[in-house]
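Take a look at the structure set out below.
In the UniProt record's numbering, the protein residues as written are 1 to 652.
This is how it looks when you write it as structure tokens:
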């Protein structure tokens, strides 16, 4: 049986048994999708944007098709505002129900940290969805504070002000208090307090002060080093007591209203949260007993997102859900306060990642395959060819189910010998091309034979990795998946359709930047092998004249706003999807936000596109005068250059 026959037989055998359940096991969509994403019966990804309307399902492939019809170029961000609203409602409703169930006497007064996603449309949607819950905003910088002043107009909600502060920052905060906003100024550094006292007396504005305590307990996960005694922000217990004393001396003790703590982002282990609540509740209770008029406790951020669907303490996962997280906070503070005999504080959290991660994804098209074997070269036998080439051909010809392991060992040795012979000028270019072609063809056949066996020898298990392809996708890792490159964050990557077919290609992804780091080679791993992170993802073979779209999911937190200008690609086109039950497709595109143009990104980097166009026109005019370019052709070239300046930065 030939190599092609074996491949066809293997594909037929595996495809016949492939089901949607198999696709789910491969990509874990239900597990990381949080109820919002699933694989539909027809093999397309489905979106259920409203947690309270489970029957309203949107076919993601239909969104992509409509974008193609309307001429919206890829790559593009698809943003589901209904998911954003659902997450805000889920968080607030779960806190409310848990507080009621526990007979907890305080309220929940959550805030969204602007740093997680500063996009105006995101902030507007969150503020609107949170209005009935008095859900506010958190700012950690002067620009974020300026945005919060303009957009957090609910006078019942909180605006929590974190980060290091200068006099201008504090003046802006006091302006917020002047216009009846609940601006809580969290003191991160003792010197901020002395500056605040001076300014508040000068301006005649009574501040609302929060004190951030530097916790002894440390978080779990990738950011655990940001907590503990070496944390960047916060006051030690001694500084907390000194701050209370200073405010008492200044006649401002009644301004201390909030105790803040934070032990890190993406907390993977629920035990860290339990320990932090225990420590913080003790600090709160003892301060209240000393007469400090605290009313709020801000538990910070850290509510994790299960990016890989493993429900574990992996860096890209977590071993708890929203309900358990909230229950540990509410019951933890209730028990500690009841034992101490102090009032239950109002609870504040800054859960940004969990609010926004699911609501947007990046969809791009695979535009090519880079296979390790490259192009095939004719391996026809030639007179006088080197014995290495002959031996490799003989192995390929005689390959069968009885000798494939021996063949693997032999071709590996012959490949190494060929490389040495080529370096010594013994093998010609043509012979080396034949060696490479035969080697890779034989390796593919060995892989097919091995996969048909019940037991695969250990050394042959590495062959799929050796044969894995690189799929070239039209996007920039640095712009659209910055954390994947910077901190090895695993983001779910899934085909938009064809899930009724078995994905037969193991692939990593490479982008269209000219940077060798422009790749994604960290994917959801295989639980069966105990490997939480895989270097490849199964994808389908590329069909001629058929577009193959993939989605990079859970990009709504940080990834939306952290992208850089590497290679001057700039921001992606963006579509906003709204679910609508009366529409035949259950959705409509509410808005299209154009991504960066070439002219736009060049202007950002202080180029002047008009001057550039004039420079090219002068050069073309010179060539016209010299007779090298015809006038009509010259005009066309000038128009083409200006057309490209106005165009999208990504490939078409």
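Built from N, CA and C at the ideal position, the CB exists for glycine as well.
Treat the numbers as computed from the prediction; the structure is a model and nothing was measured.
Item	Value
Identify whether residue 364 lies in helix, strand or coil by the three-state DSSP scheme.	strand
Are residue 157 and residue 140 close, meaning C-beta to C-beta below 9 angstroms?	no
Looking only at its own chain, which residues have a Cβ that is under 8 angstroms from the Cβ of residue 295, when we skip the five neighbours before and after it?	257, 258, 345, 346
Can you list, in chain order, the stretches of the alpha helix (DSSP H) that have 4 or more residues and sit fully within the stretch 262-302?	270-289
Quick check on DSSP: helix, strand or coil for residue 8?	Model confidence at residue 8 stands at a pLDDT of 45, short of 50, so the residue's coordinates are unreliable and nothing is read from them.
Given residue 12, which residues of its chain have a CB within under 6 angstroms of its CB, disregarding the five upstream and five downstream residues?	Low per-residue confidence applies at residue 12: pLDDT is 47, beneath 50, and the placement is therefore not dependable enough to give any value.
One question on the structure: do residue 299 and residue 265 come within less than 9 angstroms of each other, judged by their Cβ atoms?	no
Check whether the stretch 600-614 and the stretch 578-586 are in contact - that is, three or more C-beta pairs closer than 8 angstroms.	no
Go through its chain and collect everything with a Cβ distance to residue 404's Cβ below 7 angstroms, but skip five positions before and after it.	446, 449, 450
What first and last residue would you give for the alpha helix (DSSP H) that runs through residue 124?	120-130
Have a look at 278, 615, 94 and flag the residue whose alpha-carbon is nearest the alpha-carbon of residue 324.	94
Taking just the CA atoms, how far does residue 440 sit from residue 1?	Confidence at residue 1 is low in this model, with a pLDDT of 44, below 50, so its placement is unreliable and the value that follows should be read with caution. Residue 1 and residue 440: Cα-Cα distance of roughly 18 angstroms.
May I have a chain-ordered list of the alpha helix (DSSP H) segments no shorter than 4 residues that lie completely inside the stretch 40-82?	60-69
Quick one: is residue 341 buried, meaning 16 or more other Cβ sit within 10 Å of its Cβ, or exposed?	exposed
Please report the distance separating the alpha-carbon of residue 571 from that of residue 442.	44 angstroms
Around the C-beta of residue 352, are 16 or more other C-beta atoms found within 10 angstroms, so that it is buried, or is it exposed?	buried
Helix or strand or just coil, what does DSSP make of residue 401?	coil
If you compare alpha carbons, which of 92, 329, 287, 512 is closest to residue 276?	329
In whole angstroms, what separates the C-alpha of residue 249 from that of residue 154?	33 angstroms
For residue 548, which residues in the same chain have their Cβ closer than 6 angstroms to its Cβ, ignoring the five residues on either side in sequence?	366, 542
Cβ of residue 389 within 9 angstroms of Cβ of residue 463?	no
Using only the alpha-carbon positions, how far apart do residue 263 and residue 98 sit?	23 angstroms
What does a CB cutoff of less than 8 angstroms around residue 558 pick up in its chain, not counting 5 residues either side in sequence?	116, 117, 353, 482, 483
Starting from the C-beta of residue 27, find all residues in its chain whose C-beta is less than 6 angstroms away, skip the five residues before and the five after it, and write them out in chain order.	494
Please classify residue 217: does DSSP put it in a helix, a strand, or coil?	coil
The alpha helix (DSSP H) with residue 602 in it runs from where to where?	598-604
Could you work out which residue in 409, 205, 500, 163 is closest to residue 179 when comparing CA atoms only?	205
Restricting to runs no shorter than 4 residues, where is the alpha helix (DSSP H) found entirely within the UniProt domain "Arginine decarboxylase helical bundle" (385-463)?	387-397, 404-423, 429-451
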